[in-house]
Amino acid sequence: MKYLNWLVILFFIFGSVSCADKTDKQKNIAGDITLDKVPSQEKAVKKMFFNLPSPIELTQTLLATESAFNPDLLNPISNVDKYNSSSDLALNFGVYGADLCYCRVYDQLQSSISYLSAIRKITDLLQIPEDEGAETINRIEENIENRDSIFQIIAETYAGANGYLKENERDLTAAFILIGGWIEGMYFAVNLMDGQINQTLINNIAEQKYAIENLMSLIGEYKENPAIAEFYPHFEELAAVYSTVEISHEKSVVVTDQEAKTTTIDNEMKIIVTDKQLSDITRLVNQIRLKIVS
Amino acid sequence: MKTISKFIILFVLLGGFQLTGFSQCKSFTKDYCKPKLHPYIYNGQLNSAVLNQGDVAELMLTFYSNQDYRIVVCAAEELGPVRFRLLDLNGQVLFTNEDHNFIEYWDFRTRATHQLMVEVSVPESVGEEKLLKSGCVSILIGFLDNQ
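Chains F and C supply the protein sequences, listed in that same order. Once you know that position 251 of the first sequence is 251 in this note's numbering, the rest is easy, because the numbers rise by one and skip nothing. Once you know that position 57 of the second sequence is 1057 in this note's numbering, the rest is easy, because the numbers rise by one and skip nothing.
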């Protein structure tokens, strides 16, 4: 009889996990966001993801601005010993990741190697196992001169850490890595803009309006957490400035070129951003970045 | 006391199985979905969840001007053909894999920067099945190094 009870209990567990009941449409899986939003097809959205641009994407857009490499923008490697809490470590994992991408995009090989050591140290301190982080970092060292491999490996390092942290219910730590990387990318952009009128760069900064919306959604559910509460009002202020930046699109048209086998989402975009808005964005990004790295 | 112990064991088991579910999802994504991104560079963000038949998941993401992207949506076989659509902020459908035999990926370039939504719908169960099937669904984004 005892065994029968346990069989019933086990059946219940398996049933509840792998064979969800039809009424269970709003169940929250592994700490992810559950929403009540009903989209056009009138089905409940069970899972909503918000992605931020990766440091690789952000630093690549900087190259298009033809701005020169500026080593003064990097967070010094020596700062790594200052970080103790998991939130500081994760934020600066993101910062150093963006620094590494920035160095690599501008072919600064020696600096890239130095930033690798900082990331490796933080990976250890965050207790991300070797097979999720450090092993891929070793591969970066072996492939340092191969640009494509480096980007692939950096992406894998991010993905490995992101996956490991989510798997271990450390979603906030995973989010901090993304936030650190995004802020560092923004920091490069706003400071490269300093003293010059570069429309490509200005547009790149204005286009981050979408990223800050995604970031606010990403951290919104954690705003009571002390680690995020420290930064939340600053991000809220940044989001408020961005909400006044105007971006409008014409109706999108999808164009397929059969010969070149490419598909393009084609439309014109209009951006209206004032000097005051740019200066507020610069001030706030510098403030947040300083708070993260110091 | 025995009852409390049973509940504790139940709780631990339940948590363990949920974690296992996510771990399996992570392995599924790594082994089965990520190779489909090649030669695009993975954006490094893991968007995967265990979904049931009839569930919908959405991903909000910015796609930058003059970049080449690949969206990969892959799902556990038992869920059947999963539909994915790309919509702009006005709800205009830019792509649906329903028109392309439920292909698992789509490559495109954006002329202007866009905030777009990838919407993934797992098909409803058919027939008189009382229990829903569930499985891992992953949405991965890759981009090309255009330099």
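Even glycine gets a Cβ: it sits at the ideal position worked out from N, Cα and C. Only a predicted model underlies this, so the values are computations on that prediction, with no experimental measurement involved.
Show which residues of chain C have a CB atom less than 7 angstroms away from the CB atom of residue i.
{"i": "residue 269 of chain F", "result": "1112, 1113"}
{"i": "residue 152 of chain F", "result": "1041"}
{"i": "residue 146 of chain F", "result": "The contacting residues do not exist; residue 146 of chain F stays about 11 angstroms from chain C at best."}
{"i": "residue 184 of chain F", "result": "Those within 7 angstroms of residue 184 of chain F in chain C number zero; the least Cβ separation is about 15 angstroms."}
{"i": "residue 158 of chain F", "result": "1044"}
{"i": "residue 294 of chain F", "result": "Simply none; closest approach about 26 angstroms."}
{"i": "residue 252 of chain F", "result": "1088, 1092, 1094"}
For the alpha helix (DSSP H) containing residue i, name the first residue and the last one.
{"i": "residue 234 of chain F", "result": "232-243"}
{"i": "residue 216 of chain F", "result": "208-220"}
{"i": "residue 85 of chain F", "result": "Where residue 85 of chain F is concerned, there is no enclosing alpha helix (DSSP H), given that its DSSP letter is neither H nor E."}
{"i": "residue 285 of chain F", "result": "275-293"}
{"i": "residue 1094 of chain C", "result": "Counting along the chain, residue 1094 of chain C falls outside any alpha helix (DSSP H), though it belongs to the beta strand (DSSP E) covering 1093-1096."}
{"i": "residue 186 of chain F", "result": "171-192"}
{"i": "residue 59 of chain F", "result": "55-63"}
{"i": "residue 76 of chain F", "result": "Neither: residue 76 of chain F is in no alpha helix (DSSP H) and is coded neither H nor E."}
Which residue's Cα is closest to the Cα of residue i: the options?
{"i": "residue 1028 of chain C", "options": "C:1089, C:1114, C:1139", "result": "C:1139"}
{"i": "residue 160 of chain F", "options": "C:1051, C:1106, C:1089, C:1042", "result": "C:1042"}
{"i": "residue 1092 of chain C", "options": "F:119, F:269, F:253", "result": "F:253"}
{"i": "residue 93 of chain F", "options": "F:109, F:226, F:127", "result": "F:127"}
{"i": "residue 71 of chain F", "options": "F:96, F:103, F:97", "result": "F:103"}
{"i": "residue 231 of chain F", "options": "F:114, F:176, F:79", "result": "F:176"}
{"i": "residue 1144 of chain C", "options": "F:247, F:61, F:184", "result": "F:61"}
{"i": "residue 224 of chain F", "options": "F:108, F:95, F:172, F:151", "result": "F:172"}
{"i": "residue 1076 of chain C", "options": "C:1031, C:1111, C:1096, C:1131", "result": "C:1031"}
{"i": "residue 1104 of chain C", "options": "C:1141, C:1045, C:1065", "result": "C:1141"}
{"i": "residue 66 of chain F", "options": "F:278, F:106, F:87, F:97", "result": "F:106"}
{"i": "residue 262 of chain F", "options": "C:1071, C:1099, C:1108", "result": "C:1108"}
{"i": "residue 143 of chain F", "options": "F:166, F:116, F:123", "result": "F:116"}
{"i": "residue 114 of chain F", "options": "F:89, F:79, F:87, F:83", "result": "F:79"}
{"i": "residue 58 of chain F", "options": "F:81, F:205, F:274", "result": "F:205"}
{"i": "residue 271 of chain F", "options": "C:1074, C:1113, C:1024", "result": "C:1113"}
Would you please state the rounded distance, in angstroms, between the beta carbons of residue i and residue j? I believe it to be under 8 angstroms.
{"i": "residue 1026 of chain C", "j": "residue 1048 of chain C", "result": "7 angstroms"}
{"i": "residue 1221 of chain C", "j": "residue 1083 of chain C", "result": "With chain C covering only 1001 through 1147, there is no way to say anything about residue 1221 of chain C."}
{"i": "residue 1053 of chain C", "j": "residue 1132 of chain C", "result": "5 angstroms"}
{"i": "residue 108 of chain F", "j": "residue 69 of chain F", "result": "6 angstroms"}
Quick one: which chain F residues come within Cβ less than 9 angstroms of residue i?
{"i": "residue 1101 of chain C", "result": "Ordered by position in chain F, no residue passes the 9 angstroms Cβ test against residue 1101 of chain C, which lies about 16 angstroms from the chain."}
{"i": "residue 1023 of chain C", "result": "167"}
Assuming residue i is part of the beta strand (DSSP E), what are its boundary residues?
{"i": "residue 1067 of chain C", "result": "1067-1075"}
{"i": "residue 1105 of chain C", "result": "1105-1110"}
{"i": "residue 257 of chain F", "result": "253-257"}
{"i": "residue 128 of chain F", "result": "Counting along the chain, residue 128 of chain F falls outside any beta strand (DSSP E), and DSSP gives it neither H nor E."}
{"i": "residue 1087 of chain C", "result": "1083-1087"}
Using the beta-carbon of each residue, which ones in chain F are nearer than 7 angstroms to residue i?
{"i": "residue 1079 of chain C", "result": "Ordered by position in chain F, no residue passes the 7 angstroms Cβ test against residue 1079 of chain C, which lies about 12 angstroms from the chain."}
Name the chain C residues that come within less than 9 angstroms of residue i, Cβ to Cβ?
{"i": "residue 65 of chain F", "result": "Correct list: empty, because the minimum Cβ distance to chain C is about 13 angstroms."}
{"i": "residue 56 of chain F", "result": "1041, 1043, 1044, 1143, 1145"}
{"i": "residue 265 of chain F", "result": "1063, 1086, 1088, 1094, 1095, 1108, 1109, 1110, 1111, 1112, 1114, 1116"}
{"i": "residue 214 of chain F", "result": "1060, 1061, 1062, 1115"}
{"i": "residue 221 of chain F", "result": "Chain C residues near residue 221 of chain F: none, gap ~15 angstroms exceeds 9 angstroms."}
{"i": "residue 61 of chain F", "result": "1064, 1065, 1067"}
Along chain A, which residues have their Cβ under 8 angstroms away from the Cβ of residue i?
{"i": "residue 163 of chain F", "result": "The structure shown contains no chain A; the protein chains it does contain are F and C."}
When DSSP builds the beta bridges, which residues end up paired with residue i?
{"i": "residue 1134 of chain C", "result": "C:1052"}
{"i": "residue 1057 of chain C", "result": "F:47, C:1120"}
{"i": "residue 1142 of chain C", "result": "C:1042, C:1070"}
{"i": "residue 266 of chain F", "result": "F:253"}
{"i": "residue 1114 of chain C", "result": "C:1063"}
Counting only Cβ pairs nearer than 8 angstroms, list the residues of chain F close to residue i.
{"i": "residue 1139 of chain C", "result": "49"}
Please list, in chain order, the chain C residues whose beta carbon lies closer than 8 angstroms to that of residue i.
{"i": "residue 96 of chain F", "result": "Simply none; closest approach about 14 angstroms."}
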